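The structure appears right after this line, and notes come after that.
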Amino acid sequence: MERKIVIGIDFDDVLVETNEAMSAWHNRVYGTSYKKEHIISWEHLTHLWQCSQNEKHKRIHEFFHSEDHLHIPAVLGASEALKILNEKGMHTVVITGRPEQFCKQTLSLVEKYFPSLVDHIHFSSSIINGSLSERPKAEFCRELDVEIFIDDHLQYVQGVVFAGIPALLFNTPWNQTETLPPNVERVYGWDEIVQKLV
1 MERKIVIGID FDDVLVETNE AMSAWHNRVY GTSYKKEHII SWEHLTHLWQ CSQNEKHKRI
61 HEFFHSEDHL HIPAVLGASE ALKILNEKGM HTVVITGRPE QFCKQTLSLV EKYFPSLVDH
121 IHFSSSIING SLSERPKAEF CRELDVEIFI DDHLQYVQGV VFAGIPALLF NTPWNQTETL
181 PPNVERVYGW DEIVQKLV
């Protein structure tokens with residue numbers, strides 16, 4: 001029996017348009033007027049929102065428990081791409097930086113857009129006593145025998161390629177840099193990813 005290729009895939013802004021939806025929600029609820037393309041980094045949200053770190057985390061929690069979160073759109077072409085990868089015998093696993101406390105909300109979106117297309121979902125962080133505890137995505141990739149990893153955050157991609165696993169960096173406003181590490185390739189959409197993997 002032929003061994004399946006395991007592909008690790010991030011969730012937010014790779015499979016679903018989280019920052020775009022959160023921008024619209026925040027603008028409506030808190031009166032801001034920023035767009036996804038204004039986000040330089042996750043830390044930069046405190047500047048865009050003009051608030052403290054604690055307030056930023058509180059608002060993110062509000063968004064994840066809002067009606068808006070239920071209706072985050074899928075990234076263009078993501079569902080069709082996962083269908084093709086599955087048909088080609090590839091094994092797709094989600095490795096997300098979302099805290100596992102948002103498991104229910106995440107599964108709801110997976111069932112909505114990617115039913116039977118994702119084999120497992122792994123949460124690399126957890127909120128313990130009010131603090132965020134993170135486990136490197138590279139550890140999940142090694143344990144799951146991931147052969148290629150797709151993410152939109154350069155820091156995660158760097159850790160994965162350092163562990164010897166090549167990665168595709170999904171192009172976003174917050175990962176712009178002139179040079180990428182070896183074994184990292186920037187991609188601009190799911191059609192391009194499918195062409196590279198199939």
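In the numbering used here, the protein residues as written are 1 to 198.
C-beta: ideal position from N, C-alpha, C; glycine also.
Please read these numbers as outputs of a predicted model, since none were measured by experiment.
- A direct Cα-Cα distance of roughly 18 Å separates P136 from N183.
- Here G31 is exposed. Its C-beta has fewer than 16 other C-beta atoms within 10 Å.
- Relative to T172, the option among V160, R186 and G164 whose CA is nearest is R186.
- Under the three-state reduction of DSSP, V161 is assigned to helix.
- Of the residues L76, S23 and K36, the one whose Cα lies closest to the Cα of L15 is L76.
- For F140, the enclosing alpha helix (DSSP H) has its first and last residue at K137 to E143.
- DSSP lists V93 and F149 as the bridge partner or partners of G8.
- With a beta-carbon spacing of about 13 Å, I150 and I5 fall beyond the 8 Å limit used to define contacts.
- Around H122, the same chain offers I95 and F140 as residues with beta carbons nearer than 6 Å, after the five sequence neighbours per side are excluded.
- In the three-state reduction of the DSSP assignment, P73 falls in the coil class, being assigned neither a helical nor a strand state.
- Inclusion of I148 and A167 in the CB contact set at 8 Å is warranted, their separation being smaller than that value.
- A residue is called buried when at least 16 other Cβ atoms come within 10 angstroms of its Cβ; P99 meets this threshold and is buried.
- Residue pairing of A167 in beta bridges, as defined by DSSP: F149 and V184.
- Distance from the CA atom of P181 to the CA atom of Q158, rounded to whole angstroms, is 7 Å.
- Contact check for I39 against N19 passes: the beta carbons are separated by less than 8 Å.
- For a cut-off of 8 Å, the C-beta gap from I7 to L85 is around 7 Å, short enough to register as a contact.
- The shortest CA-to-CA distance from Q176 to any of I165, D152 and V198 is the one to D152.
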